[in-house]
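Undergrad: For reference, the structure I am asking about is given below.
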Amino acid sequence: MEPEFDYPNPEPLASVGWLATHLSHPSVRMIDGRSPAEYAAGHIPEAVLLPSPAFKAAGSGETCSPEEFAAIAGGLGVRPSDTVVCYDASGPTAARAWWAFRMFGHAEVKFLHGGYPAWVAAGHPQETTTRPPVPTAYAVAGGRPELACSLPQALGLLGKPGVVFWDTRSRDEFTGADPRNNDPAKAGHIPGAAHLQYSELVDRSTGLFKPAAEMRALLASRGITPESEIVAY
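So the sequence shown is residues 0 to 232, counted in numbering that gives the first Met the number 0.
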């Protein structure tokens, strides 16, 4: 991995430089998590558009089943042996796609550091051609269920020493001032949760993650430490 990554575990990240040199590799698949309009206006060559909502169960906000995941991944033209690179404009959709591939046991999946804006800023090529994926017969092998926390598990962890519930939403969602899609009577946050919006970990001027030391200090200021068991939502 490139020297720009000063993180203890840089493996989940791909730099735009790395992707540019691996763009034509037959086992590298790019997945664009932006909107159809953004994709049509310009995307990384050979990238395919991720259908929305990303990896949700049919008619539900819950994560899709292994069978549904396999159908989506195969529909995107991904093979289990491929290196998947997920990107979007600001992080959340690509991060969810990365998480889904990891949770369902895909061996090689990366998050593009800085996303599409970093790709464009570096002067790398874009295209506007729509690329319908060539479907594959994808099979889920194993998985990492520890990367997910069910509602019963969360209830069992609530109030336990050493467990931190990390609310990554906006401040107004955390306080209840903005209920978003929730019932206004139930707006707010999980009791005792720490608040740190995910975007605070990103340098707004570059779209890249902040340096490791800076992120570590920011997380620690909210009680989110390596010694804790973290439940993020």
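Note that CB positions come from ideal geometry on N, CA and C, so glycine has one too.
Going by beta carbon distance, what residues of the same chain come within less than 7 Å of T205, once the five residues before and after it are set aside?
TA: As a first step, residue 205 is located in the sequence shown; it is residue number 206 there, counting from the start. Correct list, in chain order: G113.
Undergrad: Ends of the alpha helix (DSSP H) at F4?
TA: Here residue 4 is taken as the residue at index 5 of the sequence shown, counted from 1. Note, F4: premise wrong, no alpha helix (DSSP H); not H, not E.
Undergrad: Assign E172 to buried or exposed, taking buried as 16 or more other Cβ atoms, counted over all protein chains shown, within 10 Å of its Cβ.
TA: Looking up residue 172 in the sequence shown gives position 173. When all chains shown are included, E172 counts as buried.
Undergrad: To which residues of the same chain is H21 closer than 6 Å at the C-beta, ignoring the five residues directly before and after it?
TA: Working through the sequence shown from its first residue, we reach residue 21 at position 22. Once the five neighbours on either side are set aside, the close Cβ partners of H21 are V27.
Undergrad: State whether the segment 38-53 contacts the segment 111-130, with contact taken as three or more CB pairs (one from each stretch) at a distance under 8 Å.
TA: As far as the Cβ criterion goes, the segment 38-53 touches the segment 111-130, which means the pair count is three or higher.
Undergrad: Out of V201, L49, K209, V84, which one is the CA nearest neighbour of L18?
TA: Numbered from its first residue, the sequence shown carries residue 18 at position 19. Looking at the Cα atoms, V84 is the closest of the given residues.
Undergrad: Assign T224 to one of three DSSP states: helix, strand, or coil.
TA: If you number the sequence shown from 1, residue 224 lands on position 225. It is coil, neither helix nor strand.
Undergrad: Out of P65, A36, P151, A153, which has the shortest C-alpha to C-alpha gap to A88?
TA: The residue given as residue 88 occupies position 89 in the sequence shown. The residue with the shortest Cα to Cα distance from A88 is A36.
Undergrad: By DSSP, does A231 sit in helix, in strand, or in coil?
TA: In the sequence shown, residue 231 corresponds to position 232, counting from 1. In the structure shown, A231 sits in a strand (DSSP, three-state: E or B).
Undergrad: Per DSSP, what kind of secondary structure is Y86 in: helix, strand or coil?
TA: On the sequence shown, position 87 is the one that residue 86 refers to. It is a strand residue.
Undergrad: Hey, how far is the Cα of V201 from the Cα of R78?
TA: Counting from one through the sequence shown, the residue named residue 201 turns up at place 202. Counting from one through the sequence shown, the residue named residue 78 turns up at place 79. C-alpha separation (whole angstroms): 31 Å.
Undergrad: Quick one: any contact between the segment 131-139 and the segment 158-170, if contact means 3 or more CB pairs under 8 Å?
TA: No, they do not touch.
Undergrad: Check whether the Cβ atoms of A46 and D31 lie closer than 8 Å to each other.
TA: Sequence index remark: in the sequence shown, residue 46 carries index 47 (1-based). Sequence index remark: in the sequence shown, residue 31 carries index 32 (1-based). Contact: yes.
Undergrad: Taking contact to mean 3 or more Cβ pairs, one atom from each stretch, closer than 8 Å, check whether the segment 104-124 and the segment 9-18 are in contact.
TA: Touching, yes, given that three or more Cβ pairs across the two stretches are closer than 8 Å.
Undergrad: Taking just the CA atoms, how far does S34 sit from R215?
TA: Within the sequence shown, the letter at position 216 stands for residue 215. Within the sequence shown, the letter at position 35 stands for residue 34. Roughly 32 Å between the two C-alpha positions.
Undergrad: Alpha carbon to alpha carbon, what distance is there between S220 and G74?
TA: Translated into the one-based positions of the sequence shown, residue 74 becomes position 75. Translated into the one-based positions of the sequence shown, residue 220 becomes position 221. The alpha-carbon atoms of G74 and S220 are separated by roughly 42 Å.
Undergrad: Tell me whether the segment 174-187 and the segment 144-157 touch, counting them as touching only if at least three CB pairs, one residue from each stretch, are closer than 8 Å.
TA: With the cut-off at 8 Å, the segment 174-187 and the segment 144-157 do not touch.
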